Each structure stands twice: as structure tokens, then as C-alpha cells.
Amino acid sequence: MPTAPTGVPTSLSLLQPINNLTWNEVDCSRRNGLITGYTVMISNSSITYNLTSTERYIILNDLVFDTVYIISVAAVNSAGRGPFSDPIALLLHPSQSSVYLSDISQTYISTSTSNNGVIILGVLGGVWLILLTITFIYFIYYFLRLQISFAARQAKTDEDIAMQVCTPYDLHKTELPSEENEGAYEECEAPPDAVTDDSIYDL
Numbered sequence: 001m002p003t004a005p006t007g008v009p010t011s012l013s014l015l016q017p018i019n020n021l022t023w024n025e026v027d028c029s030r031r032n033g034l035i036t037g038y039t040v041m042i043s044n045s046s047i048t049y050n051l052t053s054t055e056r057y058i059i060l061n062d063l064v065f066d067t068v069y070i071i072s073v074a075a076v077n078s079a080g081r082g083p084f085s086d087p088i089a090l091l092l093h094p095s096q097s098s099v100y101l102s103d104i105s106q107t108y109i110s111t112s113t114s115n116n117g118v119i120i121l122g123v124l125g126g127v128w129l130i131l132l133t134i135t136f137i138y139f140i141y142y143f144l145r146l147q148i149s150f151a152a153r154q155a156k157t158d159e160d161i162a163m164q165v166c167t168p169y170d171l172h173k174t175e176l177p178s179e180e181n182e183g184a185y186e187e188c189e190a191p192p193d194a195v196t197d198d199s200i201y202d203l
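Its first residue numbered 1, the sequence shown is counted upward by one per residue in the working numbering.
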């Protein structure tokens, strides 16, 4: 019973200027039958897609300059697809030939994974900071409300105490009678039949 290939294509390289990706055949002992085609997996920081080829090469179209692509190839026979080869990293420059970065392939993959982790941590940190800010604003608002309520109760208490204080009575000074008033008072008090010394002598 046929099985899928257990070997992988080797020696991936890119030929310029037409972005022609080529590779070597799978080792004969690991083909497990006739190789009918190849699957090329291409990925960057935002997308991953597969291409198929019946030859040991493929022209890569629609690549974006200044973007790192990770590329790997798998062989296919009548039983299915075999494992993908070790990925290579490819960086395209507008002013020069594409740069083959096989020495940083694993580093780039690890860095991409780390960058994704950093982005997730950054998002979580931002959400935590927003929640902390909202909580801080709420506590300030609540504290101000308490202060205003306390001040209002204190003012009401002071007003009630002021209303309970008795109004002091005014002391009115009584005017003492003067000498003229005393004389007039004495004249009024004299009896009508009083006889003075002058009236005796007139007789």
C-alpha cells in the first residue's frame, strides 16, 4: 500500500529577477512512490497561503518589497503530501536582488512568535491601565461626593444650633426725674388751702 513521502525537498533558493523559487528532489529512498507535485507554503507576518507546482520550481508573484517571507516546500505523491522542508527566510528589496536569509530563518520565526507575545502583553497592559484609570477617577468622584455631603450636614447642624440660642433682652434705661420735674411735682402736691407767711401779714 503506497504511503506519502517521508522525505523533504532540499536546497531551496530564489533566482532573480523573476522570483523563481527552485529546490532539489526528495531522496529516492524516501519518496514512497512517484512524486506527482509539490506544495509551497508562503507566509509573512499577516498571511499564510499554499501554492502547488508539478515541477521543481515556481514563480512567486505579488510579493511585497521590504517584507520578510517564510517559505517551505513539501512533496506530494498518490498517497498524499509529505512533511514540509525546513523554512527559509526571504527579504525583498526594491533597489536590489532579493536577499536569501537562510541563516536567520529560525531566528525570524522565533522573533515573530515573540513579537506576537509582546503585542498580546501590550494589549493586556493597555486594558489594565484603562481599568486602573477608570477606578482612580471613580474613587476621586466618590471622595468628593463624601466631602460635599459632610459639609452640607455640618452646615445644617450649625444652623440648628443657632436657632436654639435665645435672643438677649435689651435693658432700657429709666430716666430719673430732674430738679425741675421735682419742683413741679411738689407744686402739684401742695394742698389748695395752704396759707403762706405773706398772707398772714397782709391781714
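Glycine is no exception: its CB is placed at the ideal position from the N, C-alpha and C atoms.
Just so it is clear, the structure is predicted and the values come from calculations on it, not from any experiment.
_Below 8 Å, how does it come out for the segment 26 to 35 and the segment 60 to 67: are there three or more Cβ pairs, yes or no?_
No, the segment 26 to 35 does not touch the segment 60 to 67.
_As assigned by DSSP and simplified to three states, the class of L63_ = DSSP places L63 in coil when its eight states are reduced to three.
*Own chain, CB closer than 6 Å to I223, minus 5 neighbours either side, in chain order*: Residue coverage of the chain in this structure runs from 1 to 203, which leaves residue 223 outside it and unanswerable.
*Who are the near neighbours of L21 in its chain, counting only those whose CB is closer than 6 Å to its CB and skipping five residues on each side?*
L14, I58 and L60
*Quick one: grab the DSSP three-state call for R81.*
Three-state DSSP puts R81 in a strand.
_Buried or exposed for N50, going by 16 or more other Cβ atoms inside 10 Å?_
exposed
_Rounded distance between the beta-carbons of V68 and S85, thought under 8 Å_ = With 8 Å as the limit, S85 and V68 do not qualify as a contact, their Cβ atoms being about 18 Å apart.
*Let me know the secondary structure DSSP gives I58 once reduced to three states.*
strand
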